[in-house]
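Just below is one structure, and these are the notes that go with it.
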Amino acid sequence: MRESAAHIARTLQAHGYTAYFAGGCVRDLLLGREPKDYDIATDAAPETVQSLFTHTEAVGRAFGVILVKQETFCFEVATFRTDISYSDGRRPDAVQFCGPEEDARRRDFGVNALFYDPSTEQVIDYVNGREDLKNKTIRAVGNPSERFAEDHLRMLRAARFASVLDFTVEEQTANAIRNHAGLLDRISVERVQAEIARIFEEAPKPGAALQLLRNLELLKHIFPELPSLNTEVVLNETADRLNRMRIRTASMGYAVVFFSAADADTAEKAMKRLRCSTEIVNIVCDAVRVQPDMQNFSAKPESEKRLMLSARGFPIQMELFRLSHPQDAQAFQALNLYAAEYTDRPLPAHWVRGGDLLKHGVSRGPAMKILLDKAYRAQLDGCFADKEELLNWLLTSDGGRCGVGTTEKD
Ligand code: ATP
Ligand code: MG
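For the numbering used here, count along the sequence shown from 1 and bump the result up by 5.
Printed below as a string of structure tokens:
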């Protein structure tokens with residue numbers, strides 16, 4: 006990917022233009038991290054970029070961004086630009102093409118404002134970004150208050166970059182964030198949610214990230230539903246669990262936060278407000294709700310165990326249990342053993358299906374669902390030799406023979 010990006014830069018240079026790697030990829034290269042993508046910045050106009058390469062697409066023509074396809078990769082080639090007036094607290098109203106220095110100065114943080122010339126292997130640094138990298142510091146470019154006032158998302162980006170890179174937020178930058186923290190309420194919840202998700206996924210210590218968000222006074226604007234995170238005890242316990250997570254996904258992080266600081270209903274409300282996907286909301290809420298059942302797992306009937314294990318979110322449920330019940334090592338061990346035995350063993354097919362019940366005069370609806378559930382649990386519990394016996398019992402008995410299979414959950 007780097008070679009393809011360098012090829013694009015060299016092509017532009019061969020036609021007399023300036024072209025650099027820009028932003029995040031330069032930061033990552035200098036840190037010895039694998040860049041996720043390579044962005045190229047140039048003084049060539051967007052039309053020129055389009056004319057020089059075969060496979061291009063104008064993604065942000067107004068902002069001077071052209072997507073160039075090279076080999077199997079896609080690169081954003083952007084004309085050096087400066088942003089003009091932010092009226093929505095998020096996106097510039099317009100841009101103006103300019104030279105590299107001004108382009109560097111519109112960028113958010115010193116570490117994100119570096120250029121690199123792949124031909125000469127030189128770093129071009131207009132804002133002391135290299136110094137920030139050396140000091141492991143996230144520092145706003147220019148006046149921090151102005152930068153956060155024009156684009157409020159930068160406050161969260163500062164916290165994310167500090168957490169993911171294990172850097173500290175420089176003091177004036179941090180103070181400006183504290184002063185502007187309330188503006189976070191004005192940016193779209195999707196953007197907030199995406200930043201939080203990336204912190205859970207990428208930060209080496211997501212718990213330290215939570216404490217940083219609290220320290221920057223952003224946390225109460227992210228999770229207003231969780232006032233208990235304002236207490237040291239809950240905050241520190243939550244952070245400790247986050248730091249020990251062995252599953253690094255957004256769902257896992259949310260599960261830990263909501264279980265530690267609230268309950269499943271609050272989780273559902275908060276995550277819906279944050280517009281998390283239904284899938285994530287369900288996985289997280291189930292994980293929170295099921296914790297008491299995890300504690301009593303060994304005592305559960307076989308059917309209940311198998312059904313719990315087959316839940317999509319079971320690994321998260323189990324990890325949440327491990328993190329939040331350190332005193333229950335034995336219960337976790339039992340869970341683990343059971344899980345190891347049954348993982349990869351699919352649940353058996355249902356002996357009794359809706360059609361069987363229809364034939365016997367049961368009509369579709371909630372009552373049928375309850376019967377089918379009862380039948381499947383009895384089957385899993387091994388109460389009957391075959392379908393015939395099971396069906397017979399289901400349609401005639403009061404459930405006496407196989408009481409354990411009749412738990413009607415929820
Ligand atoms: P990563 O992709 O790993 O999150 P990145 O630094 O590449 O990190 P992007 O969001 O891809 O971040 O943005 C690319 C570059 O654009 C940044 O490095 C930064 O220079 C600039 N940039 C992005 N968002 C902003 C912003 N909100 N304000 C100012 N500059 C920004
Ligand atoms: Mg990027």
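Cβ atoms here follow ideal geometry from the backbone N, Cα and C, with glycine treated the same way.
Anticipated Cβ contact below 8 Å, residue i with residue j, distance rounded
i: L357; j: L396; result: Before going further, note that residue 357 is Val rather than Leu in the sequence given. Right, the Cβ-Cβ distance comes to about 6 Å (below 8 Å), so this counts as a contact.
i: V132; j: G115; result: 5 Å
i: A272; j: F228; result: Actually they are not in contact, since the Cβ atoms of A272 and F228 sit about 10 Å apart, beyond 8 Å.
i: T47; j: F85; result: 7 Å
i: V128; j: V31; result: 7 Å
i: I13; j: F80; result: 6 Å
i: M299; j: L340; result: 7 Å
i: H226; j: G258; result: Contact doesn't hold; Cβ gap of about 17 Å is too wide.
Residue i burial status per 10 Å Cβ neighbour count (16 or more: buried)
i: T178; result: buried
i: K310; result: buried
i: E8; result: exposed
i: H60; result: exposed
i: E200; result: buried
i: I89; result: exposed
i: Q338; result: exposed
i: V369; result: The residue asked about is misnamed: residue 369 is Arg in this sequence, not Val. Classification of R369: exposed, given that the 10 Å Cβ count is below 16.
i: N148; result: exposed
i: D98; result: exposed
i: R278; result: exposed
i: E52; result: exposed
i: S265; result: buried
i: Q335; result: exposed
i: P353; result: exposed
i: K379; result: buried
i: L363; result: exposed
i: L342; result: exposed
i: R327; result: buried
i: P306; result: buried
i: H185; result: buried
i: D386; result: buried
i: P232; result: exposed
i: D137; result: buried
i: E230; result: buried
i: D361; result: buried
Per-residue DSSP class, three states only, for residue i
i: V238; result: helix
i: K305; result: coil
i: A354; result: coil
i: G212; result: helix
i: Y131; result: coil
i: Y25; result: strand
i: V367; result: coil
i: D122; result: strand
i: F264; result: helix
i: F389; result: coil
i: F166; result: helix
i: F425; result: A question about residue 425 goes unanswered here, because the residues of the chain that appear run from 6 up to 415.
i: F4; result: Outside the shown range of the chain (6 to 415) lies residue 4, about which nothing can therefore be said.
i: A50; result: coil
i: T243; result: helix
i: L221; result: coil
i: N254; result: The amino acid occupying residue 254 in the given sequence is Thr; Asn does not appear at that position. Note: T254 maps to coil in three-state DSSP.
i: L325; result: helix
i: R317; result: coil
i: L279; result: coil
i: V295; result: coil
i: I204; result: helix
i: E39; result: coil
i: D156; result: coil
i: I192; result: coil
i: G360; result: helix
i: H185; result: helix
i: H12; result: helix
i: M6; result: coil
Residues sharing a beta bridge with residue i, DSSP
i: A345; result: Answer is none; A345 lacks a bridge partner.
i: A99; result: I89
i: L72; result: E62, E81
i: V174; result: I143
i: I45; result: F26, V82
i: F114; result: A145
Residue i: CB within 7 Å of a non-hydrogen atom of ligand 4
i: L72; result: Ligand 4 is not among the ligands present in this structure, which contains only ligand 1 and ligand 2.
Chain B contact for residue i (CB, 8 Å cutoff)
i: P105; result: You won't find chain B in this structure, because it holds only one protein chain.
Pocket of ligand 2 defined by Cβ to heavy atom distance under 6 Å: Going along the chain, the residues that qualify are G29, K41, D42.
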